[in-house]
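Line by line, the protein sequences give chains A and B.
Heads up, the first sequence is in my numbering, so the first residue is 160 and it goes up one at a time.
Heads up, the second sequence is in my numbering, so the first residue is 8 and it goes up one at a time.
Even for Gly, the Cβ is constructed at its ideal location relative to N, Cα and C.
From a predicted model like this one, the values you see are computed outputs, not experimental measurements.
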Amino acid sequence: MRIPKSLIVATVLIFAVVIQTTLFGQIRYIAPDLVMLVVILLALTRIRPELVLGAAFLSGLLVDLLGSSLLGLRAIVFTTVAYIAVRTMERAGIGRFTVALWAGILTLIGVVLLVLIGTLFGQTSLLGPSVASRILVVPLANLLLAGLAGPLFVRLVDGDATAFRFS
Amino acid sequence: MVNREPRGHTLPLLVTLIIFGVLLMTFDVRLQGGGVVGVLRTGTQTIVAPMQKAASYAVNPVADVIDSLSNLSNLREENIALRRELTEAEAALVGVQDQLARLEHFEQLYDMETAGNEIGRTVANVIGRPDAFDAALIIDKGTSDGLVVGQPVVDTNGYVVGTVRSVTGGSATIVPITADRQGLTVIVGDQIGSLLSQVATDEMRLEVLDAREPVLAGDRVLTSAVSASFPAGLPVGVVIGDAVPRIDVLTTAVALFVKPDTLRLVVVLAWPPDPITASSGEVIGPAETTTTTSETSTTTTTDRGDS
Numbered sequence: 160m161r162i163p164k165s166l167i168v169a170t171v172l173i174f175a176v177v178i179q180t181t182l183f184g185q186i187r188y189i190a191p192d193l194v195m196l197v198v199i200l201l202a203l204t205r206i207r208p209e210l211v212l213g214a215a216f217l218s219g220l221l222v223d224l225l226g227s228s229l230l231g232l233r234a235i236v237f238t239t240v241a242y243i244a245v246r247t248m249e250r251a252g253i254g255r256f257t258v259a260l261w262a263g264i265l266t267l268i269g270v271v272l273l274v275l276i277g278t279l280f281g282q283t284s285l286l287g288p289s290v291a292s293r294i295l296v297v298p299l300a301n302l303l304l305a306g307l308a309g310p311l312f313v314r315l316v317d318g319d320a321t322a323f324r325f326s
Numbered sequence: 008m009v010n011r012e013p014r015g016h017t018l019p020l021l022v023t024l025i026i027f028g029v030l031l032m033t034f035d036v037r038l039q040g041g042g043v044v045g046v047l048r049t050g051t052q053t054i055v056a057p058m059q060k061a062a063s064y065a066v067n068p069v070a071d072v073i074d075s076l077s078n079l080s081n082l083r084e085e086n087i088a089l090r091r092e093l094t095e096a097e098a099a100l101v102g103v104q105d106q107l108a109r110l111e112h113f114e115q116l117y118d119m120e121t122a123g124n125e126i127g128r129t130v131a132n133v134i135g136r137p138d139a140f141d142a143a144l145i146i147d148k149g150t151s152d153g154l155v156v157g158q159p160v161v162d163t164n165g166y167v168v169g170t171v172r173s174v175t176g177g178s179a180t181i182v183p184i185t186a187d188r189q190g191l192t193v194i195v196g197d198q199i200g201s202l203l204s205q206v207a208t209d210e211m212r213l214e215v216l217d218a219r220e221p222v223l224a225g226d227r228v229l230t231s232a233v234s235a236s237f238p239a240g241l242p243v244g245v246v247i248g249d250a251v252p253r254i255d256v257l258t259t260a261v262a263l264f265v266k267p268d269t270l271r272l273v274v275v276l277a278w279p280p281d282p283i284t285a286s287s288g289e290v291i292g293p294a295e296t297t298t299t300t301s302e303t304s305t306t307t308t309t310d311r312g313d314s
């Protein structure tokens, strides 16, 4: 029996949200944005780009609903990042290092957008203590995670053991 | 490498979703987190909270190990500082116990009874945070434990943390005062002012609009009886720079007693107990603390507030 892709995507995203808000919510110094990373890596799978954008929007909305910032803020940011990811995914397919670098750069774009749009809408709490270090640490953590688990994630979601195997 | 269908529909979809997102944001701003948005938040948190609780139970030890490892270099210094603080606290405790004994003696002597103003306290575990940029705390207690939106939250030492932003049956979201845009009404000496959050720092800005006298570094900042959100007399922080009034306005920086991102336990105060006592300017002492024995076991206790 073949499991529907939408079910896999929904399960992975909910798992990412739960881990993000519990495990990574309690670690002060190493703080990846797991949900944003999953959204970025979904662009590398064979899932339709429209579904990737929809999943990005809904997962952003879910994180917004669980937090205290404006509803729709992360939805916009995640959707924009997913769009850039879909448009640039060919550049990531060279090797494990490029996947990591690509995910790190997209996360950097995402967190900068989050801070910019949030500040425009009066969410100054996003510019809390050590905001500059967080803007750098989150993409670096995502870069590491993408390098370690990115190709495996694509293989799991696509159900294709040959996908993203680099010689 | 990866063959997919043409991406012709992605740009219109992106524009549509962004417009929808902006509409949601403006809607949220207009409703100030209430109405349909509040119901949506509560509904979502109700569904996700059990998963978060289960995950938190499993990952808490892992989080502790990673947090300790990443902070290993500071642990030794922190340990020395804590031992010094413990010695000072034990010395202070002896003094307080002596004063308590004398107070009890005088109460018996004059046949005094307590006023009966009680503030319920619910101890809760912090089970998570939304992400690295959202300062909110998610706790494992909700309406079934008596929590309601707007209740004040302190740490286990009685220092101000924030307020309950949203609440479900078994969980609640706390917004620390550092992330609250509304500010907090406080008292320094006998002057009432507002404590406002600042950008890119955990210090807060104290503004006294009708300032009559200077404030000095080391002055304690307490919640004011004028505050609608907190009982009066809760310790918030300490002034870190001398400031004198300019015309009649005084501004200075305040270091908070609490760092919200390090909290694992918080105490939610059932305040105001009722509208009548809320309007009477109830004061509770900063020394009142709730005794907790472990991170995993939480209790609801009721302590007597000084009137």
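Contact check for Phe280/A against Leu230/A fails: the beta carbons are separated by 8 Å or more. Put simply, the backbone Cα of Ile194/B is about 32 Å away from that of Tyr117/B. Counting only runs of at least 4 residues, the region 177-232 of chain A fully encloses the following alpha helix (DSSP H) elements, listed from N- to C-terminal order: 193-201 and 208-225.
Look at Arg253/B here: in three-state DSSP terms it is strand. With 16 or more other CB atoms across the displayed protein chains lying within 10 angstroms of its CB, Ser227/A is buried. Residue burial is scored here from C-beta neighbours: Pro19/B has fewer than 16 other C-beta atoms within 10 angstroms and is therefore classed as exposed. Rounded to the nearest angstrom, the Cβ distance from Thr230/B to Pro221/B is 21 Å, too far for a contact under 8 Å. Residues are counted here when their Cβ sits less than 8 Å from a Cβ of chain A; for the region 21-35 of chain B these are Leu21, Leu24, Ile25, Phe27, Gly28, Val29, Leu30, Leu31, Met32, Phe34 and Asp35, given in chain order. The region 12-51 of chain B contains no complete beta strand (DSSP E) run of 3 or more residues. Rounded to the nearest whole angstrom, the CA to CA distance from Gly263/A to Gln189/B is 35 Å. At a cut-off of 8 Å between beta-carbon atoms, Gly226/A makes contact with chain B. Assignment of Ala234/A by DSSP, reduced to helix, strand and coil, places it in the helix class.
Counting only Cβ-Cβ distances below 7 Å, Phe256/A has no contacts in chain B at all, with the closest Cβ about 15 Å away.
Any Cβ of chain B closer than 8 Å to the Cβ of Phe216/A would place that residue at the interface, and such an atom is present. Between the region 52-61 of chain B and the region 173-186 of chain A there are three or more C-beta pairs closer than 8 Å, enough to call the two in contact.
Those residues of the region 129-163 of chain B placed with their C-beta closer than 8 Å to a C-beta in chain A are Val133, Ile134, Gly135, Arg136, Pro137, Asp138, Ala139, Phe140, Asp141, Ala142, Ala143 and Ile145, ordered along the chain. If you look at Leu191/B, you'll find it in the beta strand (DSSP E) that goes Leu191 to Val195.
Per DSSP, reduced to three states, the secondary structure at Arg91/B is helical.
For Leu229/B, the enclosing beta strand (DSSP E) starts and ends at Arg227 to Thr230. By the rule that beta-carbons nearer than 8 Å mark a contact, Ser63/B touches chain A.
Taking a contact to require three or more Cβ pairs closer than 8 Å, the region 28-42 of chain B and the region 99-107 of chain B do not qualify as touching.
Within the same chain, and ignoring the five residues on either side of Gln158/B in sequence, the residues whose Cβ sits closer than 8 Å to its Cβ are Thr170, Val171, Val275, Leu276, Ala277 and Trp278. Between Phe256/A and Gly306/A a beta carbon distance of about 7 Å is seen, short of the 8 Å cut, so the two are scored as contacting. Remark: three or more beta-carbon pairs, one from each stretch, lie closer than 8 Å, so the region 314-322 of chain A and the region 202-216 of chain A are flagged as touching. Taking 3 residues as the shortest admissible run, the region 96-149 of chain B contains the following complete beta strand (DSSP E) segments, listed from N- to C-terminal end: 125-135 and 144-146. The beta carbon of Ala190/A lies closer than 8 Å to those of Phe183, Arg293, Val296, Val297 and Ala300 in the same chain, with the five residues before and after it left out.
Per DSSP, Thr163/B lies in no beta strand (DSSP E) and is assigned neither H nor E. Following the DSSP letters along the chain, one finds Ala186/B in no alpha helix (DSSP H), marked with neither H nor E. Spanning the alpha carbons of Tyr166/B and Leu286/A requires a straight line of approximately 23 Å. With respect to the C-alpha of Asp223/A, the residue from Asn86/B, Gly28/B and Val69/B having the closest C-alpha is Gly28/B. A Cβ-Cβ separation of about 13 Å leaves Arg271/B out of contact with Asn164/B under the 8 Å criterion. The continuous stretches of alpha helix (DSSP H) do not include Arg212/B, which lies in the beta strand (DSSP E) extending over residues Met211 to Val215. Only Phe34, Asp35, Val36, Val44, Leu47, Arg48, Thr51 and Gln52 from the region 34-52 of chain B bring a Cβ to less than 8 Å from some Cβ of chain A.
Residues of chain B with a Cβ closer than 8 Å to the Cβ of Ile186/A are, in chain order, Ala70, Ile73, Asp74 and Ser77. Listed along the chain, the chain A residues whose CB falls inside 7 Å of the CB of Arg172/B are Ser227. Taking C-beta atoms as the reference points, Ala218/B and Asp255/B count as a pair closer than 8 Å.
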